[in-house]
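Participant: Quick one: this structure, given as structure tokens, is what I'll be asking you about.
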Amino acid sequence: MSDIAANIDRVRAGVRTAAERAGRDAEQITLLAVSKGQGVAAIVSAWDAGIRHCGENYLQEALAKIGQLHRLGIEWHFTGPIQANKTRAIAAQFAWVHSVDRIRIAARLSAQRPPALPPLNICLQVNIDGETSKAGVAPTALPELALAVARLPGLELRGLMAIPSPANTPAQTLSAYRRAAALLAELRARSPRLARLDTLSMGMSGDMALAIAAGATIVRIGTAIFGSRPTATNR
Ligand SMILES: *Cc1c(COP(=O)(O)O)cnc(C)c1O
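Sequential numbering of the sequence shown, starting at 4, is according to my numbering.
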């Protein structure tokens, strides 16, 4: 078994354990392999071990891999910061975007999503720890953004994405993830347009179990699957 396959087994076991402890069904949790900085061979190994969702943060790097791995039918998720001049390629090449935090970017993705493709799945990134440096919509501005994005054609608003402050203790991270879950519940109750939101993208290699305890439905795992990241050259 390759290291990557063994790592994926270990991560899946961790998902099952955390789900069991939370009284949740592990089948409801998608393992998103964050393959930024990794080459195509590593991604093929992950695919061989059953991975079907991959996350990328850097568009140029992602486009090269998406092209080379086209035949595998991977579902690609964009998880990085989005510049307005990158939205056209993101709208055409990805199935999900986790990092939408302003209406201008959502409107561009909507207008640029090719009509032949199914709607682009969107998570709104919420700045859950109020970090001044961090991307993400402030929780107070979230309802207005969610209602606006839910109206856009070509997009399917699915839920929220959160990245807690790296300075947090585990207890602080758990409470940040619980706040994200509460924000999703508030949105769902707020409007029939938002009632179908079903996704909480939260949890990375270091805090996956906490995110699952708080209700994560997509965990975004990089180093626990692929090992430490080689420096990418094609950003
Ligand atoms: C890199 C990254 C991850 C994966 O982080 P690991 O700690 O390597 O698991 C998850 N989400 C986002 C948004 C990232 O940029």
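Glycine included, C-beta positions come from ideal geometry on N, C-alpha and C.
1. Going straight from the alpha carbon of residue 184 to that of residue 233, what length do you get?
2. Would residue 64 and residue 89 be called neighbours here (beta carbons separated by less than 8 Å)?
3. When you compare only the Cα positions, how much space is there between residue 225 and residue 6?
4. Using a threshold of 7 Å, is the CB atom of residue 205 nearer than that to any non-hydrogen atom of ligand 1?
5. Restricting to runs no shorter than 4 residues, where is the alpha helix (DSSP H) found entirely within the region 192-233?
6. Express the C-alpha separation of residue 158 and residue 118 in angstroms, rounding to a whole number.
7. Note down the Cα distance separating residue 83 from residue 37, rounded to an integer number of angstroms.
8. Tell me the DSSP secondary structure of residue 134 in three-state form.
9. Only counting runs of 3 or more residues, tell me where the beta strand (DSSP E) segments fall wholly within the region 51-81, in order along the chain.
10. Is any non-hydrogen atom of ligand 1 found closer than 7 Å to the C-beta of residue 129, if you look at the structure I gave you?
11. Near residue 76, which residues of its chain fall below 7 Å by C-beta distance, leaving aside the five closest residues on each side in sequence?
12. Determine the DSSP secondary structure at residue 145, reduced to helix, strand or coil.
13. Of all the options 97, 121, 167, which has the alpha carbon lying nearest to the alpha carbon of residue 139?
14. What are the boundary residues of the beta strand (DSSP E) that residue 161 is part of?
15. Buried or exposed, going by whether 16 or more other CB atoms sit within 10 Å of the CB of residue 1?
16. I need the boundaries of the alpha helix (DSSP H) containing residue 18, first residue and last residue.
Facilitator: Looking at the coordinates:
1. Distance between the alpha carbons of residue 184 and residue 233 is about 33 Å.
2. Contact flag unset, no.
3. Straight through space, the alpha carbons of residue 6 and residue 225 are spaced by roughly 14 Å.
4. Residue 205: no, Cβ never under 7 Å from ligand 1.
5. With a minimum length of 4 residues, the continuous alpha helix (DSSP H) runs that stay inside the region 192-233 are 211-217, 226-229.
6. Near 11 Å, if we compare the C-alpha coordinates of residue 158 and residue 118.
7. Cα-Cα distance, rounded: 11 Å.
8. DSSP places residue 134 in coil when its eight states are reduced to three.
9. As far as the region 51-81 is concerned, its whole beta strand (DSSP E) runs of at least 3 residues are 56-59, 78-81.
10. Checking every heavy atom of ligand 1 against the Cβ of residue 129, none is found closer than 7 Å.
11. There are no such residues.
12. Reduced to three states, the DSSP call for residue 145 is helix.
13. Nearest C-alpha to residue 139: 167.
14. From DSSP, the beta strand (DSSP E) with residue 161 extends over 158-165.
15. The requested residue 1 is not part of the displayed model; the chain covers only 4 to 238.
16. Its alpha helix (DSSP H) spans residues 6-24.
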